[in-house]
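Asks: Would you mind keeping the following structure in view while I ask a few things?
Given below as structure tokens:
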């Protein structure tokens, strides 16, 4: 369109205009301002919270079969934690001013809780990791200290591990026991903080009275439940993938740590752990879907002013997104996959991928769905996700930006496993 | 296992240690909160007469030029809506470019290039409704700002600090009236501010001055002799979306139930 | 060593202290809770003056009167008296120093704002006479035949 082109040249396409198509009566300033990155943010923080709760199931409740998973989940949670603020940074119109939320927080706003919650959660996870891996840090730094000729990379490794010990070199039985107790306390303390981390994200939406779809007291609880679901699902998936890779190394005799003698031993441990974890997954899945259906039933029953337009969005325009993709593919099919007897690793992998997809669709249906109808209740807005970026904005708020953020935690996790080795009996507590 | 004595000692140290930086925080000072709740002499309010508005859109044009909102950008601090109610009860509404160029066609814009033709004899009633920021008494947009970039001045006008706004858009989502948007150049939240730079000098807002028909008026509700105050107190006036509890301060004469 | 358990806590407290120190330097001193309380009055007070100092563009009819009394007088006798000079002539800003000449909006669209006929019952719009722009001299500026300062003197042929 010629007018669109000239506006583009003059940099006058307002934020949101490029990916919003308006239908019927919509206010002039209404656009889909909260787009893909705002979908990604609760998705990522959900993974963080879920991974942590999974790790705590072992440390706090002593579910012995989850020992291997627990360590893995904690490191992954930490890797995810660094990626979780990225969607926000890409969304903010002034990302460099983002730290204003730490400088002058306005606590009447749910978003202001971001600084405190993220920081305390990060402190808890980092501290727990420190206690868990402290002996490993001490071992590595002492062994490198005594080495006479260090190469550059070894010097760097030495400095990193030295500073990570925080000056504590006591690895006696007594000290390690104290570490264990500290881990237990932190894991216990971390569960409510992890819930808060995601509950506040739900509160951000649930407290907006101007948005007819978001406004419900159930929102924080729904978010927490589905966050835990996504965290557990992601841990199961990454765990299976890493175990498969290890099996590959064992077959090719490449692994430095000869933990398991054979493929069969690896395989048997895997299935046990996964069966245990998937039971928790199902429990939270049921909780999440029940709350969402409850919300829908209530809305239909009470039929307030906004119900007409909401009904046309939920049962009309977004029917496929909600009922087929989120409830059907993301909830019902994994349910059947996990519950039918004869569970195999392949079925678990498919199940968790679908669960993750379902959780993502839930975020999508809340964020985008909430902006699919106008404040006039007599108009609609359609969201067209920018796939191929042609400028900074369509990269930041488009598929490319979202995909990069989704892939980054895996990269970070790999880097972190160099410092926090995930599969090594020598460092275990 | 840490002994109780050690625990208490360390806790005491921690608390003393924390109280020093806490003194530097001073986020909330009780004295300031209980200080005077606003400038008692002035509270700006607005009055719109929907019988007088003809939809010429001169207010929208004046607002854009006065407040430096890029003329061709599809955002505006104020706009005019057209409502056409047919005899069969169906309501049609549109606001082409926010009525920046007025209403120069009798076809209702339905979006996506579609138009609705309505025959003159089918019209039961039709009118124009100017809209602008309501400068609410309980502004939900201010409540949700995470950094204190938007706020309410003592005289009731809600302003945005362009140097502090981080551009999260929470205030835009929280406004039930849809008056907020992102400024295309400054990339901060933006909205009508009753031409604060004009009213504080004794001038009228750009839209009030531009309106040839007197459909828009601004006044001070705290002044009993203000003609706007008199009308609000003595005539039947309505407000928009009062169910949200925002206590908007833009009053409408001739507000129809179909107005969104 | 009994106290090694507290090490991470010291690191955390250290980071908090650093944030508070940065805050003391970065946040302006006039930022705080003002008249309306913490919920609605948490802001940087200096911003109010910044908004008050924003440049005024539209000066209003009184501004034009001193130099252009004839124009004002002529239009005052017509139904167009209700229209502000700047509605068609653009904002005066610092005229005559800046801009020295105002750009007049002579387009058809400017006149059609009011004079496109919309016979809406209950709206003031129904009282304004109008023309169908597609039939009445399409493409030609209205002011070619009609003088906005004297609209009732009729169209010139």
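Protein chains in written order, with the working numbering: chain P, 7 to 435; chain H, 1108 to 1367; chain L, 32 to 188. From the three backbone atoms N, C-alpha and C, an ideal C-beta is built for every residue, glycine too.
#1: Please determine if the region 189-197 of chain P and the region 168-177 of chain P are in contact, where contact requires at least 3 C-beta pairs separated by less than 8 Å.
#2: Run through DSSP, which three-state label would residue 80 of chain L get?
#3: At the 8 Å Cβ level, is residue 71 of chain L part of the contact set with chain H, yes or no?
#4: Hey, does residue 32 of chain L have any beta-carbon neighbour from chain P nearer than 8 Å?
#5: At what residues does the alpha helix (DSSP H) containing residue 1341 of chain H begin and finish?
#6: Expressed to the nearest angstrom, what Euclidean distance is found between the alpha-carbon atoms of residue 101 of chain P and residue 95 of chain P?
#7: Check residue 400 of chain P in the structure and name its three-state DSSP category.
#8: Tell me whether the beta-carbon of residue 219 of chain P lies closer than 8 Å to the beta-carbon of residue 375 of chain P.
#9: Which chain L residues are close to residue 1305 of chain H, counting only those with a beta carbon under 7 Å from its beta carbon?
#10: Who pairs with residue 1193 of chain H in a beta bridge, going by DSSP?
#11: Under the DSSP definition of a beta bridge, which residues are partnered with residue 1154 of chain H?
#12: Anything in the region 99-115 of chain P with a Cβ closer than 7 Å to a Cβ of chain C? List those residues in chain order, please.
#13: Starting from the beta carbon of residue 2 of chain L, find every residue of chain P whose beta carbon is closer than 8 Å, and list them in chain order.
#14: Using a C-beta cutoff of 8 Å, does residue 188 of chain L count as contacting chain H?
#15: Could you please give the first and the last residue of the uninterrupted beta strand (DSSP E) stretch that includes residue 373 of chain P?
#16: Taking residue 1271 of chain H as part of the beta strand (DSSP E), name the residues at either end of that continuous run.
#17: Looking at C-alpha atoms only, which residue of H/1346, H/1192, H/1166 is the closest neighbour of residue 1088 of chain H?
#18: What is the C-beta distance between residue 1181 of chain H and residue 1204 of chain H, in whole angstroms, given that I count them as a contact (C-beta under 8 Å)?
#19: Could you tell me which residues DSSP pairs with residue 387 of chain P in its beta bridges?
#20: Does the beta carbon of residue 327 of chain P come closer than 8 Å to any beta carbon on chain H?
#21: Drop a sphere of 10 angstroms on the beta-carbon of residue 1210 of chain H, count the other beta-carbons inside from all chains shown, and report buried for 16 or more, exposed for fewer.
#22: Under 8 Å between C-beta atoms, does residue 176 of chain P make it to chain L?
#23: Less than 8 Å between CB atoms is the rule here; does residue 40 of chain P satisfy it with respect to chain L?
#24: Quick check: is any heavy atom of the ligand SAH less than 7 Å from the C-beta of residue 1239 of chain H?
#25: Does the separation of the CB atoms of residue 343 of chain P and residue 240 of chain P fall below 8 Å?
#26: In three-state terms, what does DSSP make of residue 248 of chain P?
#27: Should residue 127 of chain P and residue 199 of chain P be called a contact, given that it needs their Cβ atoms to be closer than 8 Å?
#28: To which residues does DSSP link residue 1206 of chain H through a beta bridge?
#29: For chain P, check one thing: does any of its Cβ atoms lie closer than 8 Å to the Cβ of residue 1250 of chain H?
#30: Determine the extent of the alpha helix (DSSP H) in which residue 180 of chain P is found, giving its start and end residues.
#31: Do you know offhand how far residue 108 of chain L's Cα is from residue 182 of chain L's?
#32: Are residue 215 of chain P and residue 1247 of chain H closer than 8 Å when you measure CB to CB?
#33: Alpha carbon to alpha carbon, how far is residue 1301 of chain H from residue 1183 of chain H? Give it in angstroms, no decimals.
#34: Answer yes or no: does any C-beta atom of chain L fall closer than 8 Å to that of residue 148 of chain P?
#35: Going by beta carbon distance, what residues of the same chain come within less than 6 Å of residue 1202 of chain H, once the five residues before and after it are set aside?
#36: In whole angstroms, give me the CA-to-CA distance for residue 1141 of chain H and residue 70 of chain L.
Replies: Taking the definition as stated:
#1: no
#2: Translated into positions along the third chain, residue 80 of chain L becomes position 49. Here residue 80 of chain L sits in helix by DSSP.
#3: The residue you call residue 71 of chain L lines up with position 40 of the third chain. So yes, residue 71 of chain L belongs to the interface.
#4: Walking along the third chain from the start, residue 32 of chain L turns up at place 1. Here the model assigns residue 32 of chain L a pLDDT of 47, short of 50, so the residue's position is not dependable, and the following value carries that caveat. Output row for residue 32 of chain L: interface = yes.
#5: In the second chain, the residue the question calls residue 1341 of chain H occupies position 234. Looking at the DSSP string, the run of the alpha helix (DSSP H) that includes residue 1341 of chain H is 1334-1341.
#6: Along the first chain, one-based indexing puts residue 101 of chain P at 95. Along the first chain, one-based indexing puts residue 95 of chain P at 89. Answer to the nearest angstrom: the Cα atoms are 5 Å apart.
#7: On the first chain, residue 400 of chain P is found 394 positions in, with the first residue counted as 1. Helix, per DSSP.
#8: Locating residue 219 of chain P in the first chain gives position 213, where the first residue counts as 1. Locating residue 375 of chain P in the first chain gives position 369, where the first residue counts as 1. Cβ atoms of residue 219 of chain P and residue 375 of chain P: closer than 8 Å.
#9: In the second chain, the residue the question calls residue 1305 of chain H occupies position 198. Ordered by position in chain L, the residues that pass the 7 Å Cβ test against residue 1305 of chain H are 87.
#10: Along the second chain, one-based indexing puts residue 1193 of chain H at 86. Beta-bridge pairing links residue 1193 of chain H to H/1230.
#11: Here residue 1154 of chain H refers to the residue found at position 47 when the second chain is read from its first residue. Beta-bridge pairing links residue 1154 of chain H to H/1324, H/1358.
#12: Here the protein chains are P, H and L, and chain C is not one of them.
#13: Coverage of chain L is limited to positions 32 through 188, which leaves residue 2 of chain L absent and any answer about it impossible.
#14: Taking the third chain and counting its residues from 1, one reaches residue 188 of chain L at position 157. Any reading at residue 188 of chain L must be qualified, since the residue scores a pLDDT of 47, below 50, and its modelled position is unreliable; no value is offered.
#15: To locate residue 373 of chain P, count along the first chain from 1; it is residue 367. Premise fails: residue 373 of chain P lies in the alpha helix (DSSP H), 351-376, not in any beta strand (DSSP E).
#16: Against the second chain, residue 1271 of chain H aligns to sequence position 164. From DSSP, residue 1271 of chain H is part of no beta strand (DSSP E); its letter is neither H nor E.
#17: In the structure displayed, chain H extends from 1108 to 1367; residue 1088 of chain H sits before or after that span and is not available.
#18: The residue you call residue 1181 of chain H lines up with position 74 of the second chain. The residue you call residue 1204 of chain H lines up with position 97 of the second chain. The Cβ separation is near 7 Å, so the contact holds.
#19: Taking the first residue of the first chain as 1, we reach residue 387 of chain P at position 381. Residue 387 of chain P pairs with P/28.
#20: Indexing the first chain from 1 puts residue 327 of chain P at position 321. Judged by the 8 Å Cβ criterion, residue 327 of chain P is not in contact with chain H.
#21: Counting from one through the second chain, the residue named residue 1210 of chain H turns up at place 103. Classification of residue 1210 of chain H: buried, given that the 10 Å Cβ count is 16 or more.
#22: Counting from 1 along the first chain, the entry for residue 176 of chain P is found at position 170. Closer than 8 Å: yes.
#23: On the first chain, residue 40 of chain P is found 34 positions in, with the first residue counted as 1. Chain L contact via Cβ: absent.
#24: Absence of the ligand SAH is noted for the structure shown, with no ligands found whatsoever.
#25: What you label residue 343 of chain P is simply residue 337 of the first chain in a count that begins at 1. What you label residue 240 of chain P is simply residue 234 of the first chain in a count that begins at 1. Their beta carbons are not under 8 Å apart, which means residue 343 of chain P does not touch residue 240 of chain P by this criterion.
#26: Looking up residue 248 of chain P in the first chain gives position 242. Here residue 248 of chain P sits in helix by DSSP.
#27: Position 121 of the first chain holds residue 127 of chain P. Position 193 of the first chain holds residue 199 of chain P. Contact flag set, yes.
#28: On the second chain, position 99 is the one that residue 1206 of chain H refers to. The partner list for residue 1206 of chain H (beta bridge, DSSP) is empty, contrary to what the question assumes.
#29: Indexing the second chain from 1 puts residue 1250 of chain H at position 143. Yes - at least one Cβ of chain P is within 8 Å of the one on residue 1250 of chain H.
#30: Translated into the one-based positions of the first chain, residue 180 of chain P becomes position 174. From DSSP, the alpha helix (DSSP H) with residue 180 of chain P extends over 179-212.
#31: Counting from 1 along the third chain, the entry for residue 108 of chain L is found at position 77. Counting from 1 along the third chain, the entry for residue 182 of chain L is found at position 151. Approximately 10 Å between the Cα atoms of the pair.
#32: Looking up residue 215 of chain P in the first chain gives position 209. Looking up residue 1247 of chain H in the second chain gives position 140. Contact flag set, yes.
#33: In the second chain, residue 1183 of chain H corresponds to position 76, counting from 1. In the second chain, residue 1301 of chain H corresponds to position 194, counting from 1. Going from the Cα of residue 1183 of chain H to the Cα of residue 1301 of chain H covers about 13 Å.
#34: Numbered from its first residue, the first chain carries residue 148 of chain P at position 142. For residue 148 of chain P, the answer is no, since every Cβ of chain L falls outside 8 Å of its Cβ.
#35: As a first step, residue 1202 of chain H is located in the second chain; it is residue number 95 there, counting from the start. Closer than 6 Å at the Cβ level, and outside the excluded window around residue 1202 of chain H, lie 1186, 1188.
#36: If you number the second chain from 1, residue 1141 of chain H lands on position 34. If you number the third chain from 1, residue 70 of chain L lands on position 39. For residue 1141 of chain H, the predicted structure reports a pLDDT of 38, less than 50, and the residue's modelled location is therefore unreliable. A value from the coordinates is still provided. Taking the straight line from one Cα to the other gives about 12 Å.
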